[in-house]
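Since the structure comes first, as structure tokens, the remarks are kept for the end.
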Amino acid sequence: MTNQIEIGRLLRAGTTGFIAGCRVNQLNLPSFGALIRVPLGDGYQVYGLIHDIHIDDDGLVKQLVTASNVSDDVLKDNRENRIVPVEMSVLAVGYEQNKKIYHLLPPRPPLSLDVIYLCEANEINQFVSAGRFGYFRHILRAKELPIGELFATHFKQVKAVNKDSKWSKEAVQELMTLLRDDYPTLMSILGALRDIVE
Amino acid sequence: MKIQRTQIGYLIGGGLKENFLVRLTISSQEIQEGAFVVIESGYWNYYGIVTDIRLGSTDDRFADERVDLRFPPDLASALQGQALYANIEVLPNLMLEVGPDEASPEYKTWRGKIDAGLADTPRILPVKNVPPHHSIVSLANEGDIAEIFGKPEEEKNFIIGYTREQNHPVCIDLDKFVQRSSGVFGATGTGKSFLTRLVLAGLMNHNKASVLVLDMHNEYGFDDVASDTKKNVQGLKTMFKSNVRCVGLGAGSTIRGNQVDFNLEVAMDDISTADIETLSRELNLRETTPTTLNALYTSFGDKWFANFKAMNQEEVEVEDEKGRLKKVPHPDSVAAWAMQNGVNVAAAVGLQDKLRRLFNKPYIVQKPAADSVLQIIQSLESGKHVVLSFGEHEQDLDYLLVSNLITRKIRNAWEKKTNEFRSHGKAEPRPLIIVVEEAHKLLNREMASQTTFATIARELRKYYVTLLIVDQRPSQIYDEVMSQLGTRISGWLGDDLDIQAVLSGLSGREALRGMLARLQPKEEVLLLGWGVPMPLPVKSRRYDEAFWKEMGKGKKSKEQNLKELGFGN
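Protein chains in written order, with my numbering: chain A, 1 to 198; chain B, 1001 to 1569.
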């Protein structure tokens, strides 16, 4: 068993995505665009991509930002022991059942407080190589998201764990096929991808 | 085993009316207009030619922006072929059932059915249906070309050129070629004479028909020097020796210093009044000419030409009843004859003046040393080929008169032989091809109704005589004649009307029109018409030493060789 990296627990969920919460001191681990998984038992787990990380304020923070001379201890205490968690929005991109990965929406969402793990290199490879980029569909459907940046970060992540450039080439081809009639979206994605190409 | 072809794309649309549309999977620069392609679908192959190559984009904005400047090479090249693409249009022509892969078990069943007579033997058909979307499109390989245009090793097939992309040999079926009149066209300087030499050499080598070349510019009989490369070019006489008889017009004529086999002199009695009428434009004859000619013929019969030539235009002085001197026409004058025969004197005198150009021709004689026209006919009948060179008599007048006269006599001879063959079971006449240079002079709208050439072109092979028309202005040729031409081999043509004329009576004219205009000015020709299975542009074969050698040897089939060696039956 490899070292599993826990990054938070589920707050709310729906079929197309869910929101997880974590403590501030866990925040060095999850990142925008990261592929995560939520194991739900019986060989069933849901995969998702983090598309937003946000930190809400509480009453004390509002007071502290207006106060002068706040000591470092107070700041540290407020960050580490705050009651409002850091929230991560996750886009559901697939699931695994009986060791088979599907790039379809999960049949049922994870439950509250289910633990969320960051996918490791081999898990990323397995997920992205299963099928033919079916999960791009879910990303492209989410028009309100910064799709270009999400793809760029995702490509970067895959590139880091998969040295073979074949995947990138095929993925770009697939994006072009899907978006050949959608000039603005394709150009925005290619513009973002340009920045990760060395 | 699956036949290997170079795949170039897949079918994405189109139909029989507006051609097939194919998405290219190779660069648009790797294919040329006119390329011969095969579309494979199930048990069928469809054959066609590329008539258009077009760039396209899924959104105009992809095309407007230089993606190579905006994106790294990997992304830019990925866009090419996806958002930016090239399509080709394919003019479908033929289809052939090829059956399943020979290595597959289904092949045996399929073949078995054909062998047992339960299914038709596959043969090449005109395209009658459309292959489904995404059928694979490839460049035709050597086997495909041989399947459609014939195998080069077969005796009747003559390699006329090579495909432009892959240099596969393309043949014309000479047996079919001689069945109808044909044409070789091309603007001046496009290698028309070389092409004609090639075809003539092929025909003579095949030797199933006799060839009479009306060689106005003395190009075909003897060796010549190419006007552009200044290299020596072998003539037909050198290549086929005694099988080709060179005839010079006029007694004692030589062709560029070469001795001819015999000379042609025209007997005055052979010139008919109809021959003169065909020269109306050339001699600027008036409307009254037919009446005068008719009167001449009535007066003198076949001897009209000699008699008319002998007439003078003098006057003599006679004394009238009052003793005054009066000028009257000389009894041997044109005017005297005209008055006696009720012909307008001015018209008759005018005609004689105009015919003076003919009277002065040295090759028109009262009594030729030999019946050279008969000699020509006999040579042709005995299987020889004749090149009639006009020598120094290169004027249109000479060409029109002599060509018409000879052709008329030859056709009459062949008509007689054909009738004897049909009615009395005599020997079948040997097919004859008359090669007409500068054909528009003889076959223009005005002349066509009067000359024998138009009759020959129209009646096809009824009397075993066909024409091979060589011309640079096909639009000047009477369209009724043009539409009768079986095989058409055309080099580059610039004039729209000429292009239209060459394509008259053919399907897919619009697509072929551009192809003809965009042929390379030299050494590229378009094969068209009834005599070829489908239109195809080819690089014409070189008329060089290798060719002369091959023609000299003659082509024999394997079976023939074996037979001659005493094997086989």
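Beta carbons: idealized from backbone N, C-alpha and C, even for Gly.
Beta-bridge analysis with DSSP links B/E1524 to B/K1539. The three-state reading of DSSP puts A/L105 in coil, since its state is none of H, G, I, E or B. DSSP lists B/S1041 and B/E1097 as the bridge partner or partners of B/W1044. Under DSSP, B/G1248 shares a beta bridge with B/N1263 and B/S1389. Between the beta-carbon of B/G1221 and that of B/S1389 there is about 5 Å, and that keeps the pair under the 8 Å contact cut. Put simply, the stretch 1153 to 1168 of chain B does not touch the stretch 1040 to 1054 of chain B. Fewer than three CB pairs are less than 8 Å apart. Counting only runs of 3 or more residues that sit fully inside the stretch 1206 to 1233 of chain B, the beta strand (DSSP E) segments are 1210 to 1215, in chain order.
The closest CA to that of B/A1427, considering only B/T1188, B/K1416, B/T1487 and B/Y1107, is found on B/K1416. Restricted to the stretch 1045 to 1115 of chain B, the beta strand (DSSP E) segments that are unbroken, complete and at least 3 residues in length are 1084 to 1097, listed in chain order. When C-beta atoms of the stretch 1071 to 1088 of chain B are compared with those of the stretch 1023 to 1031 of chain B, three or more pairs fall below 8 Å, so the two segments count as touching.
Counted as a single uninterrupted DSSP element, the stretch harbouring B/Q1166 is not any beta strand (DSSP E), since DSSP gives it neither H nor E. Two segments are said to touch when three or more pairs of C-beta atoms, one from each, lie closer than 8 Å; by this definition the stretch 1207 to 1214 of chain B does not touch the stretch 1478 to 1498 of chain B. DSSP places A/P184 in the uninterrupted alpha helix (DSSP H) bounded by Y183 to R194. Look at B/R1061: its C-beta is under 8 Å from a C-beta on chain A. Scanning chain B for C-beta atoms nearer than 9 Å to the C-beta of A/V197 yields F1071, P1072, D1074 and L1075, reported in chain order. Taking a C-beta distance under 8 Å as the contact criterion, B/R1509 and B/T1452 do not qualify as a contact pair. Annotation: B/A1347 to B/V1402 spans about 25 Å, alpha carbon to alpha carbon. Between A/Q157 and chain B, the shortest Cβ-Cβ separation is not below 8 Å.
The bridge partners DSSP lists for B/M1482 come to none.
In the DSSP annotation of this structure, B/D1398 is not part of any beta strand (DSSP E); the continuous alpha helix (DSSP H) holding it starts and ends at D1396 to H1424. Its chain contains V1178, A1209 and Y1464 as the residues whose beta carbon lies nearer than 6 Å to that of B/P1431, once the 5 sequence neighbours on both sides are disregarded; these appear in chain order. Within the stretch 128 to 142 of chain A, no residue places its CB atom closer than 7 Å to a CB of chain B. Residue pairing for B/T1291: DSSP places it in no beta bridge. B/L1264 is classed as buried because its beta carbon has at least 16 other beta carbons within 10 Å across all chains shown.
Taking a C-beta distance under 8 Å as the contact criterion, A/E96 and A/Q45 qualify as a contact pair. Taking 8 Å as the cut-off, the Cβ atoms of B/V1244 and B/L1236 count as close. Here the C-alpha atom of B/S1135 lies approximately 14 Å from the C-alpha atom of B/T1006. Excluding five sequence positions before and after A/V90, the CB atoms of its chain that fall closer than 8 Å to its own CB belong to G17, F18, I19, A20, I36, G48, L49, I50, H51 and I116, given in chain order. In this structure, B/M1239 lies near B/M1551, with their beta-carbon atoms less than 8 Å apart. For B/L1174, the closest C-alpha among the options B/L1200, B/T1190 and B/F1185 is that of B/L1200.
Between B/Q1082 and chain A, the shortest Cβ-Cβ separation is below 8 Å. Cβ neighbours of B/F1421 within its own chain (closer than 7 Å, five residues either side excluded): A1427, E1428 and P1429. Contact with chain B is found for A/D181, since one of that chain's Cβ atoms lies less than 8 Å from the residue's Cβ. About 7 Å separates the Cβ atoms of B/L1016 and B/V1127, confirming a contact at the 8 Å cut-off.
Of all C-beta pairs linking the stretch 60 to 73 of chain A to the stretch 153 to 172 of chain A, fewer than three are shorter than 8 Å, placing the two stretches out of contact. As for any alpha helix (DSSP H) of minimum length 4 sitting wholly inside the stretch 67 to 127 of chain A, the runs are 72 to 80, ordered along the chain.
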